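Numbering (this note's numbering), first residue to last: 38 to 292.
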């Protein structure tokens, strides 16, 4: 089976891998690509079961370590010695782990609000039970998940339409495997001390439940700066101009 679907966008400078969140897709970066292309070469990737990526049937593919290896295969495929990374929500746990495992290939990394990355690992139901529930429920079960983009109230309408359209490409079994194997093991809460590369948390301060994790990162993750923006969980979409300028400045500082 082919690997993760990715796309290299027009740009100038070192690549920046952009990793979306749960039930999202490459569409979430629509308002970021143009500005960021002035300081880097954006590379969008879609997680298994999402968008245009396949849905492997094996457990291993969905483990954070496997995702990280796939990311590095993309780096090698595009001929980059090192690159920047930016992870959103579920994607943040993956890009942070990449920076831990591949520090020499990580110039610097950016991440946004991510409860799954910074909370303790949850207790979950047996994996096969989760996967079977999504397999039987199909896209109807996917649409019942509270974070499905169709329920978003703060997203720009253009982005929301694109995300809802891409949600029809979702593979329910692949989503079940992400829940069972990725989300349940993605936490880096107890490993924040491992960060050796320049990092930036861009926090949507209006997501109140994340603020305790924001403060935890500030106190426990070395080499990390924080910027608070007047947005919620979807900070790169809700506050795209401020997000873009924050990322661009960080990239220029570390180039």
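Beta carbons are placed, not taken as given, at the ideal position from N, Cα and C, and that holds for glycine.
In this text, all values refer to a predicted model and were calculated from it rather than measured experimentally.
Separation of residue j from residue i, as counted between CA atoms
{"i": "residue 78", "j": "residue 47", "result": "6 Å"}
{"i": "residue 242", "j": "residue 279", "result": "13 Å"}
{"i": "residue 290", "j": "residue 177", "result": "45 Å"}
{"i": "residue 184", "j": "residue 60", "result": "7 Å"}
{"i": "residue 137", "j": "residue 199", "result": "32 Å"}
{"i": "residue 288", "j": "residue 181", "result": "38 Å"}
{"i": "residue 275", "j": "residue 163", "result": "36 Å"}
{"i": "residue 102", "j": "residue 126", "result": "17 Å"}
{"i": "residue 115", "j": "residue 268", "result": "33 Å"}
{"i": "residue 43", "j": "residue 124", "result": "14 Å"}
{"i": "residue 128", "j": "residue 165", "result": "23 Å"}
{"i": "residue 174", "j": "residue 94", "result": "18 Å"}
{"i": "residue 283", "j": "residue 135", "result": "21 Å"}
{"i": "residue 76", "j": "residue 285", "result": "6 Å"}
{"i": "residue 149", "j": "residue 213", "result": "23 Å"}
{"i": "residue 85", "j": "residue 92", "result": "5 Å"}
{"i": "residue 57", "j": "residue 80", "result": "11 Å"}
{"i": "residue 205", "j": "residue 231", "result": "38 Å"}
{"i": "residue 226", "j": "residue 133", "result": "11 Å"}
Beta carbon of residue i nearer than 8 Å to that of residue j
{"i": "residue 250", "j": "residue 157", "result": "no"}
{"i": "residue 121", "j": "residue 87", "result": "no"}
{"i": "residue 201", "j": "residue 229", "result": "no"}
{"i": "residue 131", "j": "residue 104", "result": "yes"}
{"i": "residue 54", "j": "residue 281", "result": "no"}
{"i": "residue 108", "j": "residue 196", "result": "no"}
{"i": "residue 233", "j": "residue 273", "result": "no"}
{"i": "residue 247", "j": "residue 96", "result": "no"}
{"i": "residue 262", "j": "residue 154", "result": "no"}
From the options, residue whose alpha carbon lies closest to that of residue i
{"i": "residue 113", "options": "123, 129 and 139", "result": "139"}
{"i": "residue 171", "options": "211, 201, 149 and 132", "result": "211"}
{"i": "residue 293", "options": "192, 209 and 200", "result": "Shown here, the chain extends from 38 to 292; a query on residue 293 therefore has no answer."}
{"i": "residue 45", "options": "70, 246, 189 and 57", "result": "70"}
{"i": "residue 194", "options": "40, 123, 65 and 57", "result": "65"}
{"i": "residue 39", "options": "174, 111, 63 and 57", "result": "111"}
{"i": "residue 142", "options": "58, 252 and 52", "result": "52"}
{"i": "residue 117", "options": "205, 232, 50 and 41", "result": "50"}
{"i": "residue 215", "options": "41, 76 and 168", "result": "168"}
{"i": "residue 83", "options": "237, 203 and 283", "result": "203"}
{"i": "residue 240", "options": "119, 264 and 91", "result": "264"}
{"i": "residue 257", "options": "244, 270 and 238", "result": "238"}
{"i": "residue 207", "options": "57, 62 and 56", "result": "62"}
{"i": "residue 270", "options": "133, 245 and 90", "result": "245"}
Extent of the continuous beta strand (DSSP E) run through residue i
{"i": "residue 83", "result": "78-83"}
{"i": "residue 265", "result": "261-266"}
{"i": "residue 56", "result": "52-56"}
{"i": "residue 147", "result": "143-149"}
{"i": "residue 239", "result": "236-241"}
{"i": "residue 254", "result": "Counting along the chain, residue 254 falls outside any beta strand (DSSP E), though it belongs to the alpha helix (DSSP H) covering 248-257."}
Run of the alpha helix (DSSP H) containing residue i, from where it starts to where it stops
{"i": "residue 109", "result": "101-114"}
{"i": "residue 193", "result": "Here residue 193 belongs to no alpha helix (DSSP H), and DSSP marks it neither H nor E."}
{"i": "residue 279", "result": "277-290"}
{"i": "residue 179", "result": "164-180"}
{"i": "residue 135", "result": "127-138"}
{"i": "residue 155", "result": "152-155"}
{"i": "residue 44", "result": "Residue 44 -> not in any alpha helix (DSSP H); beta strand (DSSP E) instead, spanning 42-45."}
{"i": "residue 211", "result": "209-214"}
Proximity test, residue i beta-carbon vs the ligand PLP heavy atom, cut-off 7 Å
{"i": "residue 166", "result": "With respect to the ligand PLP, the structure shown offers nothing to examine, as it has no ligands at all."}
Exercise for the section: Evaluate the contact criterion for the region 187-194 versus the region 211-222: three or more CB pairs, one atom per stretch, below 8 Å. Expected result: no
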